[in-house]
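In terms of our numbering, the sequence shown opens at residue 19 and continues consecutively.
Okay, structure first, notes after.
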Amino acid sequence: MKNKFNPHQQLINNPTSRSLAIKAMCAECVGCSINHLEKGFREDISSCLSQHCPLYNFRPYRPKNALNSLKKGVDDPQTMRPQDECEKKA
Ligand code: SF4
């Protein structure tokens, strides 16, 4: 059964979209598939703690201000590296 809210289905409908590819990958990571949506999957992706995952900074369903701070280069404690703090002090 097709579900327009399923990230895998959204990617099938628009297979050249990078953002939908990332969304589908994160959805799969938290247990979703083309036939199954895990309850609370958006919150699971939003609160992902795998900072070493290459998709961490690009994952969907994050608060808007988290995305804006990345775009503006504003310090975001969640995404700052230890060397960023050192560079700020210098
Ligand atoms: S960012 Fe998090 S939810 Fe997305 S693929 Fe990586 S580990 Fe999974």
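Think of the CB as a built atom: it goes at the ideal place given N, C-alpha and C, for glycine as much as any other residue.
CA-to-CA distance, residue j to residue i, given in whole angstroms
{"i": "Asn-32", "j": "Leu-38", "result": "8 Å"}
{"i": "Lys-20", "j": "Ala-45", "result": "16 Å"}
{"i": "Glu-61", "j": "Lys-82", "result": "14 Å"}
{"i": "Ile-70", "j": "Arg-36", "result": "Rather than Ile, the amino acid found at residue 70 in this sequence is His. The straight-line gap from Cα to Cα measures roughly 20 Å."}
{"i": "Val-48", "j": "Gln-28", "result": "17 Å"}
{"i": "Thr-34", "j": "Lys-57", "result": "27 Å"}
C-beta contact flag for residue i and residue j at 8 Å
{"i": "Ala-42", "j": "His-54", "result": "no"}
{"i": "Phe-59", "j": "Cys-66", "result": "no"}
Anticipated Cβ contact below 8 Å, residue i with residue j, distance rounded
{"i": "Ile-52", "j": "Asn-24", "result": "7 Å"}
{"i": "Lys-77", "j": "Ile-40", "result": "Looking at the sequence provided, one finds Arg at residue 77 rather than Lys. About 7 Å; that satisfies the 8 Å criterion."}
{"i": "Ser-64", "j": "Arg-80", "result": "5 Å"}
ask   = Which residues, in chain order, sit with a beta-carbon under 6 Å away from any heavy atom of the ligand SF4?
value = Met-43, Cys-44, Cys-47, Val-48, Ile-63, Cys-66, Ser-68, Cys-71, Leu-73, Tyr-74 and Arg-77
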